[in-house]
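Q: Dropping a structure here in structure tokens format, bear with me for questions.
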Amino acid sequence: MGSTGQNPPQRNQTALVEFILLGFSDVPSLQGFLFGLFLVMYVMALVGNSLILIITKTDPSLQMPMYLFLGNFSFLEICYVSVTIPRLLEDLHRQNRSISFLACATQMYVFLVLGVTECFILTAMAYDRYVAICNPLLYPVIMNNKLSSQLAGGCWISGVPVHIGFTYSIFSLPFCGHNQLNHFFCDVPPVLTLVCGDTFLIEMLIYVIALLVVTVPFMLIVGSYVKIISTIMKLPSTTGRAKAFSTCSSHLMVVALFFGSGIITYLRPKSSHSPKTDKFLSLFYTIVTPMFNPMIYCLRNKDVMVALKKFLLKWIVL
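First residue of the sequence shown? That's 87 in this note's numbering, and the numbers climb one at a time after it.
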């Protein structure tokens with residue numbers, strides 16, 4: 087975590103104009119297989135989330151705050167996978183894996199902003215379920231269209247100013263030595279490995295930001311679900327309990343997948359980082375989770391399943 091020793095000459099620190107994304111170049115025999123696998127996963131993520139987005143916008147039975155957030159979440163997932171996966175597919179298909187300094191900084195910035203947005207939208211969805219189950223009579227008053235739209239908008243813009251300064255801080259540090267990033271996109275941990283000198287302050291900044299935008303939302307979600315589960319267990323009807331659990335279980339599964347991999351990646355000590363583990367965890371939250379989210383919501387939410395069947399049948403008939 088401390089200084090890497092004596093800094094190389096200044097010319098080496100200022101000459102860096104591009105990075106090389108090593109990605110999965112350590113397994114050359116699997117390049118074709120990985121290209122096909124990630125392409126299929128990317129298409130599945132795009133199609134699944136696009137269908138959810140369309141039905142939450144067009145189906146009359148889904149015009150409520152819960153599905154407004156789900157529509158925003160699906161659009162976010164489309165953006166999220168599109169920041170990293172097309173670039174990964176391009177690198178698997180060609181030999182030149184270079185990415186310019188500015189493009190690397192831009193990719194990191196957009197990825198971080200979308201990550202914060204996802205944390206906040208998942209928190210807003212938990213709050214929506216909390217009000218619906220713990221205060222059902224007040225739900226139409228509290229979660230009106232104005233408030234739910236403001237919450238969704240706030241989730242989108244809240245990470246924008248924070249990460250401008252954060253990304254600038256990282257890319258203002260002196261880079262020296264080799265320019266090879268042992269990763270498939272410009273994530274924070276691999277970029278920091280190329281920084282010269284003491285990275286203690288920037289690492290502390292990472293922990294502070296992660297605490298604010300990952301840990302605090304996660305704890306709010308956990309707190310909401312403690313109250314929700316307590317309320318559900320007091321319901322007299324078994325059918326009522328089952329229905330309440332079914333509307334929450336899909337959200338809980340998505341929260342566990344996203345926050346679990348994110349917290350492990352950004353909050354574990356630097357000494358325990360390894361390129362292979364980082365790449366595996368990154369694949370989990372950059373493509374695996376966005377691919378599975380539509381399936382989770384469709385299989386666990388009866389209203390979404392009914393709306394999706396109705397939409398698909400209409401297009402088949404046409």
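A virtual CB, placed ideally from N, CA and C, is assigned to each residue, including glycine.
(1) Who pairs with Val340 in a beta bridge, going by DSSP?
(2) With DSSP as the reference, label Leu280 as helix, strand or coil.
(3) Starting from Ile106, follow the beta strand (DSSP E) in both directions and report where the run begins and ends.
(4) Classify Thr363: buried if its beta carbon has 16 or more other beta carbons within 10 angstroms, exposed otherwise.
(5) Would you tell me roughly how many angstroms separate the C-alpha atoms of Glu163 and Asn135, rounded to the nearest one?
(6) Apart from the five residues just before and just after Phe261, which ones in its own chain have a Cβ nearer than 8 Å to its Cβ?
(7) Counting beta carbon pairs with one atom in the stretch 148 to 157 and one in the stretch 121 to 132, are three or more of them shorter than 8 Å?
(8) How should Tyr153 be labelled, buried or exposed, when 16 other C-beta atoms within 10 angstroms of its C-beta is the threshold for buried?
(9) What do you reckon, are the CB atoms on Leu148 and Ala393 nearer than 7 Å?
(10) Around the C-beta of Met211, are 16 or more other C-beta atoms found within 10 angstroms, so that it is buried, or is it exposed?
(11) With H, G and I counted as helix, E and B as strand and the rest as coil, what does DSSP make of Leu267?
(12) To test your reading of the DSSP string, which unbroken beta strand (DSSP E) runs of 3 or more residues are found completely within the stretch 229 to 274?
(13) Determine the DSSP secondary structure at Ser115, reduced to helix, strand or coil.
(14) Should Met391 be counted as a contact of the ligand MG given a C-beta to heavy atom distance under 6 Å?
(15) Closer than 8 Å is the cut-off here; do at least three beta carbon pairs connect the stretch 244 to 255 with the stretch 283 to 302?
(16) What residues in its chain sit with their C-beta under 6 Å from that of Ser89, if we drop five residues either side in the sequence?
(17) Kindly give me the distance between the Cβ atoms of Ile288 and Ser184, rounded to whole angstroms, as I take these residues to be in contact under 8 Å.
(18) For Arg97, name the three-state secondary structure that DSSP assigns.
(19) Does the distance from the C-beta atom of Ile350 to that of Leu338 stay below 7 Å?
(20) Enumerate in chain order the residues of its own chain whose CB-to-CB distance from Ile318 is below 7 Å, with the five nearest sequence positions on each side excluded.
(21) When we look at the beta-carbon of Lys232 and count the other beta-carbons within 10 Å, is it buried (16 or more) or exposed?
(22) For Val129, which of helix, strand or coil comes out of DSSP?
(23) Using a Cβ-Cβ cut-off of 8 Å (strictly less than) and excluding sequence neighbours within five positions of Tyr225, which residues of its own chain qualify?
(24) With three or more C-beta pairs closer than 8 Å as the rule, is the stretch 190 to 199 touching the stretch 137 to 151?
(25) Flag this pair as yes or no: are the beta carbons of Thr253 and Ala191 separated by less than 7 Å?
(26) Between which two residues does the beta strand (DSSP E) harbouring Ile185 extend?
(27) Spatial neighbours of Ser336 within its chain, please: C-beta separation below 7 Å, excluding the five flanking residues on both sides.
(28) Using a Cβ-Cβ cut-off of 6 Å (strictly less than) and excluding sequence neighbours within five positions of Met127, which residues of its own chain qualify?
(29) Phe304 to Glu204, Cα distance in whole Å?
(30) I need the straight-line Cα distance from Ala238 to Asn230, nearest angstrom please.
(31) Between Gln193, Pro380, Asp145, Gly346, which has its C-alpha nearest Tyr371's C-alpha?
(32) For Ser255, which residues in the same chain have their Cβ closer than 7 Å to its Cβ, ignoring the five residues on either side in sequence?
(33) Can you grab the Cα-Cα spacing for the pair Asp389 / Asn265, in whole Å?
A: In brief:
(1) Partner(s): none; Val340 has no beta bridge.
(2) coil
(3) 104 to 107
(4) exposed
(5) 7 Å
(6) Counting only Cβ-Cβ distances below 8 Å, and skipping sequence neighbours, we find Gln99, Leu102, Leu280, Val281, Cys282.
(7) As far as the Cβ criterion goes, the stretch 121 to 132 does not touch the stretch 148 to 157, which means the pair count is below three.
(8) buried
(9) yes
(10) buried
(11) Strand.
(12) none
(13) helix
(14) You won't find the ligand MG in this model; it holds no ligand whatsoever.
(15) yes
(16) Caution applies to Ser89, whose pLDDT of 39 falls short of 50 and renders its modelled position unreliable; the model cannot decide the point.
(17) No, Ile288 and Ser184 are not in contact; Cβ-Cβ is about 24 Å, not under 8 Å.
(18) In this predicted model, Arg97 has a pLDDT of only 40, less than 50, meaning its place in the structure is not dependable; the value taken from the coordinates is given anyway. In this structure, Arg97 counts as helix in the three-state DSSP scheme.
(19) no
(20) Same-chain partners within the cutoff: Ile219, Arg327, Ala330, Phe331.
(21) A residue is called buried when at least 16 other Cβ atoms come within 10 angstroms of its Cβ; Lys232 does not meet this threshold and is exposed.
(22) helix
(23) Answer for Tyr225: Val217, Ala218, listed in chain order.
(24) no
(25) yes
(26) Per DSSP, the unbroken beta strand (DSSP E) holding Ile185 starts and ends at 184 to 186.
(27) Excluding residues within five positions, the ones whose Cβ falls inside 7 Å are Ile382, Tyr383, Arg386, Asn387.
(28) Ile373, Met377.
(29) Cα to Cα, Phe304 sits roughly 11 Å from Glu204.
(30) 12 Å
(31) Of the listed residues, the one whose Cα sits closest to Tyr371 is Gly346.
(32) Closer than 7 Å at the Cβ level, and outside the excluded window around Ser255, lie Ile288, Leu291.
(33) 50 Å
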